[in-house]
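The sequence shown maps to residues 1 to 362 in our numbering. Glycine included, C-beta positions come from ideal geometry on N, C-alpha and C. What follows is a short report on a single structure.
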Amino acid sequence: LAAECLEQYVNDTHNLWWACLSNEQAYQYIQAPIFKIHTLYDRNHIYAKAEVPKDIVDPTMARKYIDMYGTAFLLSLEKLLNNEHDAVKAHPDGVFAASCLTHGTANDVTIAPGITKIDIVGDWFFQLGELTEYHRQIEQCPDTEDGLQLPCNPGTNCQFQFPSPLVEACTQAITDAGCLNFPNEQKCNKCLKRNKEAIVEGGCTAKNKNNVERVAMEICELQYAAPTTVAPTTSAPTTATPTTSPDMSPSLTDLPSSVPSLQDPCVGLRKGQCNKKEECVYGKKKVKKCLAKENWEHACEKYTTKDPCEEIDVCKFKNGKCSHRCAGLRKQKCKEEQFCQHLKIQNPCLGCQLAAKCGSNR
């Protein structure tokens with residue numbers, strides 16, 4: 001960590017060293033030249049961490065979230081593009097950000113035709129001067145018909161794929177079973193149960209049985225929903241115009257001032273309706289929880305490594321994360337722990353909530 005950054009966040013009253021792990025705070029203090037390679041849409045962040053379903057029947061929410069993620073990532077590059085640092089660097093920083101929905105950038109992905117990131121980084125690092133105009137590249141895509149920015153690079157697995165193979169297979173199998181010919185969603189769902197074996201044999205199957213059931217029910221739900229027009233899921237790729245000198249940065253002035261918010265599918269649902277949706281959970285008014293006793297509270301989650309975490313008596317480091325010793329303890333274990341108390345509190349997840357936010361326990 002940069003000593004200059006630590007001086008700003010560590011003093012006699014505060015020990016906020018962890019702030020210097022963030023690019024937002026640390027970038028201005030880094031003296032060495034940086035070349036940032038990162039896709040505009042990180043598949044791991046979107047699908048694994050944000051838990052956007054891969055097998056979706058209605059792509060509306062997923063497309064909005066992917067668009068939002070790309071916008072947020074572009075905003076995170078502002079300091080680099082605007083050279084907002086205090087250091088005198090040997091040469092300007094560089095960036096290669098392809099419009100790909102992947103975790104990592106494959107070597108054959110290009111933005112300017114025929115020029116790979118390997119070629120560009122080599123020219124930037126050794127300052128050969130042959131590819132200077134390509135040292136800062138951010139791929140730009142045309143908006144979709146509904147005004148979204150989605151990944152458009154033609155590279156392998158770069159674009160948002162819809163529908164998934166499972167959704168295609170299930171739609172065909174459910175159609176063949178005649179379930180989409182019924183007058184309403186309720187009868188469609190009953191048809192699913194009656195024809196389960198035939199639908200599975202038709203290809204609507206996967207290791208995650210709950211996911212298959214969710215997909216099948218959503219196919220019925222969408223069939224009887226109010227008709228909407230869904231815009232194409234991908235746009236034709238375009239090549240971003242690279243900067244003409246290391247000091248000229250791509251403009252961010254055309255970015256939207258705000259990002260779209262996801263529509264919560266669980267809002268306002270009654271208990272019975274809520275429990276039918278796999279992505280939702282219904283929370284009761286009060287819950288019992290293991291909490292820290294007064295004077296034993298501590299924000300353990302701010303520590304990202306083992307040593308500083310374990311220096312605090314009430315913190316524990318497990319599975320790569322630092323947390324309070326009371327977190328997640330069952331009643332008996334909670335009572336045995338000197339720092340903790342088992343209390344009934346107002347449920348922060350009262351009513352129908354997203355399972356990704358409030359956990360899977362109903």
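Quick one: what does DSSP say residue i is sitting in, helix, strand or coil?
i: A292; result: strand
i: A97; result: strand
i: T71; result: helix
i: P256; result: Note that P256 scores a pLDDT of 39, beneath 50, so its modelled location is shaky and nothing firm can be said.
i: F125; result: helix
i: C141; result: coil
i: C349; result: coil
i: S76; result: helix
i: H14; result: coil
i: A236; result: Interpretation of A236 is limited by its pLDDT of 49, a score under 50 that renders its predicted location unreliable; no figure is taken from the coordinates.
i: C170; result: helix
i: I34; result: coil
i: C152; result: coil
i: K344; result: strand
i: C322; result: strand
i: V267; result: coil
i: L40; result: coil
i: L81; result: helix
i: T116; result: strand
i: L354; result: strand
i: K64; result: helix
Are the CB atoms of residue j and residue i within a distance shorter than 7 Å?
i: E221; j: E279; result: no
i: L192; j: A216; result: yes
i: R43; j: T102; result: yes
i: C290; j: C358; result: no
i: I37; j: T105; result: yes
i: E139; j: I120; result: no
i: A26; j: C5; result: yes
i: C363; j: C100; result: The requested residue 363 does not occur in the structure, where the chain is confined to residues 1 to 362.
i: E311; j: F317; result: no
i: A52; j: E218; result: Checking the sequence, you will find Val at residue 52 rather than Ala. No.
i: A299; j: C326; result: no
i: N23; j: A98; result: no
i: V10; j: W17; result: yes
i: Q149; j: D67; result: yes
i: K54; j: Y65; result: no
i: C274; j: L354; result: no
Please report the residue range of the alpha helix (DSSP H) in which residue i lies.
i: L6; result: A3 to Y9
i: C315; result: From DSSP, C315 is part of no alpha helix (DSSP H) but of the beta strand (DSSP E) over C315 to K318.
i: I56; result: Here I56 belongs to no alpha helix (DSSP H), and DSSP marks it neither H nor E.
i: C326; result: Per DSSP, C326 belongs to no alpha helix (DSSP H) and is neither H nor E.
i: E218; result: K209 to Q223
i: D307; result: K306 to E310
i: E336; result: K331 to E336
i: E24; result: N23 to A26
i: K276; result: K271 to K276
What whole-angstrom Cβ distance do residue i and residue j have, given they're in contact under 8 Å?
i: H342; j: K288; result: 6 Å
i: V109; j: G155; result: 4 Å
i: C352; j: L269; result: 4 Å
i: Q137; j: E84; result: Wrong, their Cβ atoms sit about 19 Å apart, outside the cutoff.
i: F35; j: D93; result: 7 Å
i: I199; j: A225; result: Contact flag wrong, Cβ pair sits at about 20 Å.
i: C349; j: G283; result: 4 Å
i: E364; j: C322; result: Outside the shown range of the chain, which is 1 to 362, sits residue 364, and nothing can be said about it.
Name the two residues that bound the continuous beta strand (DSSP E) containing residue i.
i: K302; result: K302 -> no beta strand (DSSP E), and no H or E assigned at all.
i: V281; result: C280 to G283
i: C188; result: Segment E185 to R194 is the alpha helix (DSSP H) holding C188; no beta strand (DSSP E) there.
Quiz item: Is the stretch 121–136 close to the stretch 165–176, with three or more CB pairs under 8 Å?
Solution: Contact between the stretch 121–136 and the stretch 165–176 is absent, because fewer than three Cβ pairs lie under 8 Å.
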